[in-house]
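For the sequence shown, the numbering used here assigns the number 515 to the initial residue and increments by one for each residue that follows.
Every residue, glycine too, gets a C-beta built ideally from N, C-alpha and C.
Computed from a prediction, not measured in an experiment: that's the story for all the values here.
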Amino acid sequence: MGGSDEHIESMMHERRHFPPPRHGSERAHIPGPEAYDDLRDQAARDPEGFWAERAKALLDWDSEWDTVLEADWETPEFKWFAGGKLNACANCLDRHVASGRGEKTALIWQGEPEDDVRQFTYAELRDEVVKFAKVLKKWGVGKGDRVAVYLPMIPELPIAMLACARIGAVHSVVFAGFSAHSLQNRIQDCEAKVLITADAVIRAGKQIPLKTNGDEALEACPSVEHCIVVNRAGLDVAMHEGRDVWWHDAVAGDDGTDCPPESMDAEDLLFILYTSGSTGKPKGVVHTTGGYLTYTAQTTQWVFDIQEDDVYWCTADIGWITGHSYILYGPLALGATTVMFEGVPSYPQPDRFWQVVEKFKVTIFYTAPTVIRALMREGPQWTETRDLSSLRLLGSVGEPINPEAWMWYHDHVGKGELPVLDTWWQTETGGIMISAVPYATTLKPGSASQPLPGIEADIVDRDGEPVGPNRGGHLVVKTPWPGMLRNVYGDPARYKSTYFERFPGMYESGDSARMDEEGYFWIMGRLDDVINVSGHRLGTAEIESALVAHEAVAEAAVVGMPHEVKGQAIYAYVTLKSTFQENDELRKVLRQHVRTEIGAIATPEIIQFAPGLPKTRSGKIMRRILRKIAADETNAFGDTSTLADPTVIADLIDGKNLLG
Ligand code: PRX
């Protein structure tokens, strides 16, 4: 494991406070501190009664549950609303059509090319989903089958996900920036029956082929019977006879019949989403239907205070959990208008996000600190030439937002008025866990504020004892919540060992944090060997395996290094086999190799050739030392007495200095 408790120390002392705005509070879901305290007390007094009432108020159920919660921390096994029946797609679409919102805009899609815009009302989106649900059925997909979705940010992505949900199939979305190899691993792990992909991704004005990755992945995926291909860029791609079909051909000639939503048990799987852990291959995080949808709908309402006339935009990619929960399921369950954007913040120029805000009069905007830091660098002028007056709330997610970035966001995007809601959560938690509530919480830049009502989070030491105010420790959750992951797909032992073993009766997040005297949480970062690059989790073990898979590499150790825009970047120490020469050409080859093996986000920022790595006498690499060298903190290495060969440190520092 990376950090032991002695390294958990927070250096941050931020004193600025921002009370909640008054304007807008009259109609807010949580209009002020009293209403908030009431909710928190209710939830604490009777958690099951509280969540049962929420589940009923937020969703339409085909039939009610037998039990609200069955929790066994030992096995572990958690069930929310077991025996209850519902369909996630019907809750996101049909019921809104039935209740008179059919003509309301559900989805606004802005493609990267300015003129590529598609808008769907709730009725239109439902029709598209029904059409595609029938295609899936026709191709043999049924309840419980897994469907891999490897698509760019185009409307077919949410349509495919909702179509799966409609027929009770389990979607497994793989971010389109991942490589063929990563896609292959994920398909093999969940044994998907169908792959949905596209000819290409359009990004920053370029076309990046995607179907070729799909083909390469499918060379070793016997479970996949069919591949459905969206024509995004008009590329001429090879179609495999009998296996591949174009999306537009598959839906052509639709007979207009309905495809009634499958009534699912609350605990039936809704989706699998892979995420990196500290060891081994990525974990298939399992989310189920009733709890996940209750939780995402509830948190969307509390944190973003969505009202009937809001235009809400979350800039994440749907390939990550943020997009699943806060572009798709949360907002649509509430009947909101959600914006989906195919492009990037800086293309064709650094005002693109603000241009989209202006164009659609976006009212609620949710992005990542890395975006804010990148735009900060470009200067505030880009926020000044666009009309941002429609905005009323700003959100942040993915990594700690440093107070300077918070202030810039607040001052330049929020014109010194709008609340910035820093939301802490994880793929595993399904939805936001720690966050301010816009009209009830006084904000402190850099703090995610407090756990939401119904969430009991704490900071504990290595023995699981609460550390008390202003001491760093392990961030844990002490009571079950409806959005929590239910398993690691196909690997319950890993589910237990990763999240529930170290601190009995608690969920271990893997993050460190400190709580101040007012109960505000200050998240410090990962305690395990996970690197957070631009808000994306990457396991060091995965990158190391990719490097070692190259013929020139004998050994590799990867750590995170501080990076101004990305938060963290990847620093790789590589020991070559004796027959290979250290040179810049090989460095380039290795960077490209990792890119091909995992994806562009995993490309090492720096590769340092190292004849030796700092190891203990038992052969364990001391990453703490490597992290310090990467961060140029070479004055205090702590205890190095267990090193087998202490001279490697000096060699590594010399090597680093040569890199410049
Ligand atoms: O370290 C925390 C960081 O991102 C991790 C979760 O990554 P992932 O599962 O990919 O989900 C990202 C989007 C929810 C956490 O363990 N993290 C996420 N949000 C914050 C954060 N760190 C600090 N502050 C946040 N607001």
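What is the DSSP secondary structure of residue i, counted as helix, strand or coil?
i       : result
Ile832  : coil
Asp1159 : coil
Leu1196 : A query on residue 1196 cannot be resolved here, the shown segment of the chain reaching from 515 to 1174 and no further.
Tyr1009 : helix
Gly1039 : strand
Asn1046 : strand
Ile886  : helix
Ser839  : helix
Phe1014 : coil
Met998  : coil
Asp824  : coil
Gly986  : strand
Ile1167 : helix
Thr813  : helix
Val715  : strand
Lys720  : strand
Leu957  : strand
Pro965  : strand
Ser1059 : helix
Thr1154 : coil
Ala620  : strand
Pro845  : helix
Leu1027 : The amino acid occupying residue 1027 in the given sequence is Ala; Leu does not appear at that position. Residue state, collapsed to three classes: strand.
Val927  : helix
Pro980  : strand
Val853  : strand
Is any non-hydrogen atom of ligand 2 found closer than 6 Å to the C-beta of residue i, if you look at the structure I gave you?
i      : result
Glu567 : This structure lacks ligand 2; the ligands present are ligand 1.
Roughly how many whole angstroms lie between the Cα atoms of residue i and residue j?
i       : j       : result
Leu639  : Arg615  : 12 Å
Ala811  : His1064 : 45 Å
Ala683  : Cys735  : 19 Å
Val1108 : His1050 : 16 Å
Thr814  : Arg1040 : 25 Å
Asp630  : Glu548  : 45 Å
Gly987  : Thr789  : 23 Å
Gly658  : Arg887  : 42 Å
Val759  : Asp750  : 14 Å
Phe532  : Lys958  : 6 Å
Met890  : Trp920  : 11 Å
Ala585  : Thr1093 : 56 Å
Pro1006 : Arg541  : 44 Å
Leu697  : Val715  : 15 Å
Glu528  : Gly1033 : 14 Å
Ala731  : Asp763  : 23 Å
Leu932  : Tyr923  : 9 Å
Glu617  : Asn984  : 51 Å
Gly597  : Leu1052 : 37 Å
For residue i, write down the residues that DSSP places opposite it in a beta bridge.
i       : result
Asp758  : Cys741
Ala766  : According to DSSP, Ala766 bridges with nothing at all.
Leu1052 : Ile1045
Phe1094 : Answer by DSSP bridge pairing: none, since Phe1094 is not bridged.
Val991  : Ala971, Tyr1021
Leu908  : Phe879, Val934
Quick test of your reading: residue i and residue j, contact by CB under 8 Å. State the CB separation rounded to the nearest angstrom.
i       : j       : result
Gly804  : Phe595  : 4 Å
Leu650  : Ala677  : 6 Å
Thr1156 : Pro1125 : About 20 Å; that fails the 8 Å criterion.
Trp834  : Phe692  : Actually they do not touch by this definition, with Cβ atoms about 11 Å apart.
Pro1128 : Ile1120 : About 17 Å separates the two Cβ atoms, so there is no contact after all.
Val1047 : Arg1137 : Not really, about 17 Å apart at Cβ, beyond 8 Å.
Leu671  : Ile832  : 5 Å
Phe592  : Pro967  : At roughly 19 Å, the Cβ-Cβ gap does not stay under 8 Å, so Phe592 and Pro967 are not in contact.
Ile1143 : Leu1166 : 5 Å
Asp1030 : Trp1036 : 7 Å
Glu856  : Pro666  : 7 Å
Gly1019 : His801  : Rounded, the Cβ-Cβ distance is 22 Å, inconsistent with contact.
Ala718  : Ala662  : The pair is not a contact, with the Cβ atoms about 26 Å apart (cut-off 8 Å).
Val911  : Ala882  : 6 Å
Met778  : Lys652  : About 20 Å; that fails the 8 Å criterion.
Asp975  : Lys992  : That belief does not hold up - the Cβ atoms of Asp975 and Lys992 are roughly 14 Å apart, past 8 Å.
Compare the C-beta of residue i against all C-beta atoms of chain C and say whether one is closer than 7 Å.
i      : result
Pro535 : In the structure shown, chain C cannot be found, because there is only a single protein chain.
### Message
In chain order, what are the residue ranges of uninterrupted alpha helix (DSSP H) at least 4 long that sit wholly in the segment 631-709?
### Response
636-652, 670-681, 694-704
### Task
Starting from the N-terminal side, write out each stretch of the beta strand (DSSP E) that is 3 residues or longer and does not extend beyond the segment 766-807.
783-789, 797-802
### Message
Just to confirm the assignment: which complete alpha helix (DSSP H) runs, minimum length 4, are found wholly within the segment 535-618?
### Response
547-559, 561-572
### Task
Please specify which runs of the beta strand (DSSP E), each continuous and at least 3 residues long, are wholly inside the segment 1062-1114, giving them in chain order.
1067-1077, 1081-1090
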